[in-house]
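Undergrad: So the sequences go chain by chain: A and B. If you use the working numbering, the first sequence closes out at 861, no skipped numbers anywhere. If you use the working numbering, the second sequence closes out at 861, no skipped numbers anywhere. Have a look at this one.
Protein chains: 2
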Amino acid sequence: MAELRKDPMTRRWAIIATERMKRPHDLVKKDGVEKAERPCPFESGSEELSAATVYPHFKDPEKYKIRVVANKFPALSYKGMPKTTVKGPFTTIEAVGGHEVFIDSEDHSARLMTMKPIEFAAILNSYRERYKFWVEDQRVKYVLIFKNYGQEAGASLEHPHSQLAATPVVPPRVVEEMEKGERHYKDHKRCILCDLIRDEIALGERVAMMNDRFIVICPFASRVPFETMILPREHASSFTEVSDSDIESLADIMAKLFNRIGTLLDDPAYNYMLHVAPQYSPNLRFYHWHIEIIPRLTEMAGFEWGAGVYINPTPPEDAARDLSS
Amino acid sequence: MAELRKDPMTRRWAIIATERMKRPHDLVKKDGVEKAERPCPFESGSEELSAATVYPHFKDPEKYKIRVVANKFPALSYKGMPKTTVKGPFTTIEAVGGHEVFIDSEDHSARLMTMKPIEFAAILNSYRERYKFWVEDQRVKYVLIFKNYGQEAGASLEHPHSQLAATPVVPPRVVEEMEKGERHYKDHKRCILCDLIRDEIALGERVAMMNDRFIVICPFASRVPFETMILPREHASSFTEVSDSDIESLADIMAKLFNRIGTLLDDPAYNYMLHVAPQYSPNLRFYHWHIEIIPRLTEMAGFEWGAGVYINPTPPEDAARDLSS
Numbered sequence: 537m538a539e540l541r542k543d544p545m546t547r548r549w550a551i552i553a554t555e556r557m558k559r560p561h562d563l564v565k566k567d568g569v570e571k572a573e574r575p576c577p578f579e580s581g582s583e584e585l586s587a588a589t590v591y592p593h594f595k596d597p598e599k600y601k602i603r604v605v606a607n608k609f610p611a612l613s614y615k616g617m618p619k620t621t622v623k624g625p626f627t628t629i630e631a632v633g634g635h636e637v638f639i640d641s642e643d644h645s646a647r648l649m650t651m652k653p654i655e656f657a658a659i660l661n662s663y664r665e666r667y668k669f670w671v672e673d674q675r676v677k678y679v680l681i682f683k684n685y686g687q688e689a690g691a692s693l694e695h696p697h698s699q700l701a702a703t704p705v706v707p708p709r710v711v712e713e714m715e716k717g718e719r720h721y722k723d724h725k726r727c728i729l730c731d732l733i734r735d736e737i738a739l740g741e742r743v744a745m746m747n748d749r750f751i752v753i754c755p756f757a758s759r760v761p762f763e764t765m766i767l768p769r770e771h772a773s774s775f776t777e778v779s780d781s782d783i784e785s786l787a788d789i790m791a792k793l794f795n796r797i798g799t800l801l802d803d804p805a806y807n808y809m810l811h812v813a814p815q816y817s818p819n820l821r822f823y824h825w826h827i828e829i830i831p832r833l834t835e836m837a838g839f840e841w842g843a844g845v846y847i848n849p850t851p852p853e854d855a856a857r858d859l860s861s
Numbered sequence: 537m538a539e540l541r542k543d544p545m546t547r548r549w550a551i552i553a554t555e556r557m558k559r560p561h562d563l564v565k566k567d568g569v570e571k572a573e574r575p576c577p578f579e580s581g582s583e584e585l586s587a588a589t590v591y592p593h594f595k596d597p598e599k600y601k602i603r604v605v606a607n608k609f610p611a612l613s614y615k616g617m618p619k620t621t622v623k624g625p626f627t628t629i630e631a632v633g634g635h636e637v638f639i640d641s642e643d644h645s646a647r648l649m650t651m652k653p654i655e656f657a658a659i660l661n662s663y664r665e666r667y668k669f670w671v672e673d674q675r676v677k678y679v680l681i682f683k684n685y686g687q688e689a690g691a692s693l694e695h696p697h698s699q700l701a702a703t704p705v706v707p708p709r710v711v712e713e714m715e716k717g718e719r720h721y722k723d724h725k726r727c728i729l730c731d732l733i734r735d736e737i738a739l740g741e742r743v744a745m746m747n748d749r750f751i752v753i754c755p756f757a758s759r760v761p762f763e764t765m766i767l768p769r770e771h772a773s774s775f776t777e778v779s780d781s782d783i784e785s786l787a788d789i790m791a792k793l794f795n796r797i798g799t800l801l802d803d804p805a806y807n808y809m810l811h812v813a814p815q816y817s818p819n820l821r822f823y824h825w826h827i828e829i830i831p832r833l834t835e836m837a838g839f840e841w842g843a844g845v846y847i848n849p850t851p852p853e854d855a856a857r858d859l860s861s
């Protein structure tokens with residue numbers, strides 16, 4: 537069973553993932569995108585090569601299909617209870633929860649930069665369905681949905697896919713946002729990101745795009761060139777409460793944004809992550825859900841690892857101007 | 537002037553590095569190690585190609601030379617005062633301090649895995665000298681020394697080198713360690729890492745190597761395969777107080793460790809970072825200096841970015857066994 541381990545000196549957790557165990561010889565040859573793997577386990581017709589389907593075909597008006605499968609090498613196990621063990625300074629929680637893969641397209645070579653809004657809508661819809669599914673699981677404290685696109689972003693398969701990790705702890709990145717959000721709410725009786733959206737719209741310098749319901753900002757302290765953040769303009773803390781027309785509007789802006797990033801930066805590798813309120817408190821006045829998008833154009837180096845400070849050679853104001861034009 | 541910007545919602549800082557400004561077309565072609573650059577600016581005889589030498593040749597008994605130069609594209613400017621500006625939720629500090637490069641060897645193709653203890657001693661000696669130099673600078677709150685080795689670790693030049701960043705803020709990674717260390721000291725009247733060393737020696741499972749003065753541990757919650765941490769066995773919070781014989785002993789264990797990592801993992805890319813107490817309080821009972829070493833064998837993916845939790849496929853107990861054998 538994989539283990540979640542807490543670092544005795546920091547807020548860090550690590551999952552020691554025994555299901556995907558690597559010995560030195562496995563590590564030497566770098567994990568590449570397995571272009572050669574044929575047939576691809578995510579191809580329609582090759583369903584028996586992937587793990588069990590956990591979410592049946594979702595059909596949107598154009599019969600676009602999203603299939604969600606269990607991860608074949610899960611970092612978190614579906615079975616068992618997340619028992620905590622403390623031995624002196626060492627805290628361990630059994631890595632229980634879930635680890636799933638969204639097959640984002642039937643087309644093995646689909647690129648996000650050319651996907652249509654209706655395709656994004658189908659993906660977002662499947663995200664919402666899986667969030668709803670996991671709400672029922674009392675062992676799970678948090679559900680993180682994320683995407684690795686391209687080898688530099690850690691994708692080990694080429695076929696477009698997203699992932700879901702259901703964890704028995706709230707991730708430190710989210711805890712940190714919640715703590716600051718709660719302090720801000722206590723002081724001002726307003727949500728910190730609602731305030732930020734208002735300030736950014738007033739300034740106009742870092743708004744990359746906007747529609748009726750969503751806004752795309754290049755964050756003030758962007759960690760990497762062309763980092764962006766998509767936020768609902770109205771306060772909302774969880775993705776389960778997102779309406780069909782919200783999804784339509786979000787899909788529209790995502791299609792536009794990924795097309796623009798892909799055109800400007802030659803279809804780069806990137807990660808995106810959905811940050812929502814934890815399972816057990818989905819409706820929070822002080823937490824505002826959002827999507828963080830990190831293009832992987834630069835390497836994280838010793839300064840970033842050692843300081844937790846990012847050296848970013850592209851001012852977010854320039855990135856916003858390029859993305860909006 | 538480059539800016540340090542504080543994220544309004546987290547503890548994160550970013551340096552918006554205008555001296556190394558990158559527009560979309562610069563980002564598309566990935567920064568590779570510039571193997572082609574001839575002559576290499578760090579070569580002996582090509583001193584005019586690098587920026588000003590800030591530290592003259594240091595000669596150890598074997599005339600081994602370490603030269604320290606200003607970074608040609610500094611993320612932090614040597615001139616000016618670190619003025620803080622707050623505009624609504626946006627805090628900016630002028631990125632004033634210093635950014636230096638240690639030319640770790642006269643040999644362009646030297647690999648750390650085959651360097652001798654005396655060569656490490658010369659490098660460590662130059663680190664100590666630069667720490668001492670920067671103590672005098674009242675604008676600087678912290679000096680971070682780190683090394684990027686190999687392209688995957690963010691090295692933009694092949695010639696072996698380390699770097700020093702002198703910053704007007706204490707990096708969040710260090711703040712976090714100090715906070716936990718101080719709490720532990722209040723509760724137990726002992727240093728958290730002195731306690732950890734005692735526990736790890738008693739357990740024996742994660743000790744990779746050890747000599748009279750230093751210990752190498754594979755941390756309990758290792759973020760990546762073969763992460764290691766080198767610590768002085770006796771309590772010490774700053775590198776300026778390290779003695780010549782300490783340096784000899786540290787150089788011995790580093791030569792052994794890097795040789796073992798290089799042999800096991802085929803000379804991998806890695807980063808290492810020195811964590812010491814801040815400039816303004818070098819002698820702390822609750823902070824224990826150490827070196828963190830991160831081999832770059834796996835990619836940081838969406839889960840790591842979004843959660844701040846690392847999925848590590850190699851248990852540190854296995855790594856310690858492989859390194860010690």
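Just so you know, even glycine gets a beta-carbon here, dropped at the ideal spot from N, CA and C. Remember, it's a predicted structure, so these values are computed and weren't measured experimentally.
When we look at the beta-carbon of residue 504 of chain A and count the other beta-carbons within 10 Å, is it buried (16 or more) or exposed?
TA: Residue 504 of chain A lies beyond the range of chain A shown here (537 to 861); nothing can be said about it.
Undergrad: If the criterion is Cβ atoms closer than 8 Å, does the pair residue 782 of chain B and residue 647 of chain B meet it?
TA: Contact: no.
Undergrad: Where do the N-terminal and C-terminal ends of the alpha helix (DSSP H) with residue 657 of chain A fall, by residue?
TA: 653-671 is the span of the alpha helix (DSSP H), which, as asked, contains residue 657 of chain A.
Undergrad: At a CB-CB cut-off below 7 Å, which residues of chain A make contact with residue 809 of chain B?
TA: Near residue 809 of chain B (Cβ distances below 7 Å), the residues of chain A are 838, 841, 842.
Undergrad: Counting only beta-carbon atoms, is residue 545 of chain B nearer than 8 Å to chain A?
TA: Yes, contact with chain A.
Undergrad: Are the C-beta atoms of residue 593 of chain B and some chain A residue less than 8 Å apart?
TA: Residue confidence for residue 593 of chain B is low, a pLDDT of 49 falling below 50, so the modelled location carries little weight and cannot support an answer.
Undergrad: Please classify residue 738 of chain B: does DSSP put it in a helix, a strand, or coil?
TA: Three-state result, residue 738 of chain B: helix.
Undergrad: Identify every run of the alpha helix (DSSP H) within the stretch 792-851 of chain B, keeping only runs that are complete inside it and at least 4 residues long; order them along the chain.
TA: Segments of the alpha helix (DSSP H) lying fully in the stretch 792-851 of chain B: 838-843.
Undergrad: Roughly how far, in whole angstroms, is the beta-carbon of residue 673 of chain B from the beta-carbon of residue 702 of chain B, given that I think they are within contact range, below 8 Å?
TA: Yes, they are in contact, since the Cβ atoms of residue 673 of chain B and residue 702 of chain B sit about 7 Å apart, within 8 Å.
Undergrad: Hey, is residue 542 of chain A's beta-carbon within less than 8 Å of any beta-carbon in chain B?
TA: Closer than 8 Å: yes.
Undergrad: Cα separation between residue 542 of chain B and residue 719 of chain A?
TA: Distance between the alpha carbons of residue 542 of chain B and residue 719 of chain A is about 17 Å.
Undergrad: Measure the beta-carbon distance from residue 563 of chain A to residue 833 of chain B and round it to whole angstroms, keeping in mind my assumption that it falls under 8 Å.
TA: At roughly 4 Å, the Cβ-Cβ gap stays under 8 Å, so residue 563 of chain A and residue 833 of chain B are in contact.
Undergrad: Could you give the DSSP three-state label for residue 781 of chain A: helix, strand or coil?
TA: Note: residue 781 of chain A maps to helix in three-state DSSP.
Undergrad: Along the chain, where does the beta strand (DSSP E) containing residue 630 of chain B start, and where does it finish?
TA: Note, residue 630 of chain B: beta strand (DSSP E), 626-630.
Undergrad: Do you know offhand how far residue 576 of chain B's Cα is from residue 681 of chain B's?
TA: Going by the C-alpha atoms only, they are around 22 Å apart.
Undergrad: Flag this pair as touching only if the stretch 824-839 of chain A and the stretch 735-744 of chain A have three or more C-beta atom pairs under 8 Å; answer yes or no.
TA: Judged by Cβ distances under 8 Å, the stretch 824-839 of chain A makes no contact with the stretch 735-744 of chain A, as fewer than three pairs qualify.
Undergrad: Please confirm whether residue 758 of chain B has its beta-carbon closer than 8 Å to some beta-carbon of chain A.
TA: Yes, its Cβ sits closer than 8 Å to a Cβ of chain A.
Undergrad: Helix, strand or coil for residue 603 of chain B per DSSP?
TA: If DSSP states are grouped into helix, strand and coil, residue 603 of chain B belongs with the strands.
Undergrad: Across the stretch 692-700 of chain A and the stretch 637-645 of chain A, are there enough close Cβ pairs to call them in contact, namely three or more that are closer than 8 Å?
TA: The stretch 692-700 of chain A, when compared against the stretch 637-645 of chain A, does touch it at the 8 Å Cβ threshold.
Undergrad: The beta strand (DSSP E) that contains residue 716 of chain B, what's its start and end?
TA: Residue 716 of chain B -> not in any beta strand (DSSP E); alpha helix (DSSP H) instead, spanning 708-724.
Undergrad: Roughly how many whole angstroms lie between the Cα atoms of residue 556 of chain A and residue 849 of chain B?
TA: Roughly 6 Å separates the two Cα atoms.
Undergrad: Are the C-beta of residue 563 of chain B and some C-beta of chain A separated by less than 8 Å?
TA: So yes, residue 563 of chain B belongs to the interface.
Undergrad: Going by C-alpha distance, which of B/847, B/831, B/830 is nearest residue 838 of chain B?
TA: Cα-wise, what sits closest to residue 838 of chain B is B/847.
Undergrad: Is residue 540 of chain B buried or exposed, if buried means 16 or more other CB atoms sit within 10 Å of its CB?
TA: By the neighbour-count rule (16 or more Cβ atoms within 10 Å), residue 540 of chain B is buried.
Undergrad: Hey, is the stretch 801-819 of chain B in contact with the stretch 655-674 of chain B, meaning 3+ C-beta pairs nearer than 8 Å?
TA: Contact holds: three or more Cβ-Cβ distances are below 8 Å.
Undergrad: So which of A/611, A/843, A/800 has the shortest CA-CA distance to residue 861 of chain A?
TA: Minimum Cα distance to residue 861 of chain A is reached at A/800.
Undergrad: Looking only at its chain, what residues have a beta carbon closer than 6 Å to the beta carbon of residue 754 of chain B, apart from the 5 residues adjacent to it on each side?
TA: The answer, listed in chain order, is 742, 744, 764, 852, 855, 856.
Undergrad: Give a single yes or no on whether residue 753 of chain A has its beta carbon closer than 7 Å to a heavy atom of the ligand MG.
TA: This structure lacks the ligand MG, and indeed carries no ligand of any kind.
Undergrad: Let's test the definition: count the other Cβ atoms within 10 Å of the Cβ of residue 685 of chain B and tell me whether it reaches 16, buried, or not, exposed.
TA: Flag for residue 685 of chain B reads buried.
Undergrad: Let me see if you follow: with CB-CB separation under 8 Å, is residue 653 of chain A close to chain B or not?
TA: It does not: the Cβ of residue 653 of chain A has no partner Cβ on chain B nearer than 8 Å.
Undergrad: If you drop the 5 nearest sequence neighbours on each side, which residues of the same chain put their C-beta closer than 7 Å to that of residue 616 of chain A?
TA: Around residue 616 of chain A: 537, 630, 632.
Undergrad: What does residue 682 of chain B pair with, by DSSP beta-bridge criteria?
TA: BP columns for residue 682 of chain B point to B/699, B/809.
Undergrad: Cutting at 8 Å between CB atoms, please list the residues of its own chain near residue 607 of chain A, excluding the five before and the five after it.
TA: Cβ neighbours of residue 607 of chain A beyond the five flanking positions: 587, 635, 636, 637, 699.
Undergrad: Alpha helix (DSSP H) containing residue 768 of chain A: first to last residue?
TA: Note, residue 768 of chain A: premise wrong, no alpha helix (DSSP H); beta strand (DSSP E) at 764-768.
Undergrad: Counting contacts by CB-CB distance shorter than 8 Å, is residue 794 of chain A in contact with chain B?
TA: No, no contact with chain B.
Undergrad: Residue 805 of chain A to residue 655 of chain B, Cα distance in whole Å?
TA: If you take the alpha carbons of residue 805 of chain A and residue 655 of chain B, they lie about 39 Å apart.
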